[in-house]
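In this text, residue positions in the sequence shown follow full-length UniProt numbering: the first is 1, and each later residue adds one.
To start, the structure under review is shown below, and the notes come after it.
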Amino acid sequence: MGQVVIETKDLSKTYDGFTAVDKLNLHIEEGEIFGFLGPNGAGKTTTILMLLGLTEPSSGTIQVCGYNPDREPLEVKRIVGYLPEKVGFYEDLTARQNLEYTA
């Protein structure tokens with residue numbers, strides 16, 4: 001068995017009574033290839049945002065390379081890259097400023 005890079009236990013996220021992610025359990029080891037597949041609204045993006053520490057789970061636990069994204073978000077951001085489907089730009093910044101901010 002290799003090093004565990006992503007692990008969730010009973011991970012859930014609820015928005016105003018709507019359950020976006022319900023008791024998700026993942027165990028992904030170094031070197032494994034893993035993909036999220038599912039229809040719109042299945043909780044893929046919500047799960048990724050929780051893994052990155054960009055939204056808090058309603059319940060459950062997360063470890064990314066041994067770090068908890070809720071308590072150690074900077075450590076997770078230091079080692080994980082994320083490119084969303086739609087990249088938002090700040091209209092009040094120049095193109096160069098947007099690149100410097102996101103790079």
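Virtual Cβ for every residue (Gly too), placed ideally from N, Cα, C.
Secondary structure at residue i, three-state DSSP: helix, strand or coil?
i	result
Lys23	strand
Gln97	helix
Val87	coil
Ile48	helix
Thr55	coil
Contact defined as beta carbons within less than 8 Å: I believe residue i pairs with residue j. What is the distance between those atoms, to the nearest angstrom?
i	j	result
Leu11	Gly60	4 Å
Thr46	Val80	At roughly 16 Å, the Cβ-Cβ gap does not stay under 8 Å, so Thr46 and Val80 are not in contact.
Work out the CA separation of residue j and residue i for me, nearest whole Å.
i	j	result
Pro57	Asp92	32 Å
Arg71	Pro39	30 Å
Phe34	Thr8	14 Å
Lys23	Gly53	17 Å
Thr14	Leu51	15 Å
Thr102	Thr55	19 Å
Determine the burial state of residue i: buried for a count of at least 16 other Cβ atoms within 10 Å of its Cβ, exposed for fewer.
i	result
Pro84	exposed
Tyr67	buried
Sorry if obvious, but does the Cβ on residue i come closer than 8 Å to a heavy atom of the ligand FMN?
i	result
Leu99	As for the ligand FMN, it is missing from this structure, which has no ligand bound.
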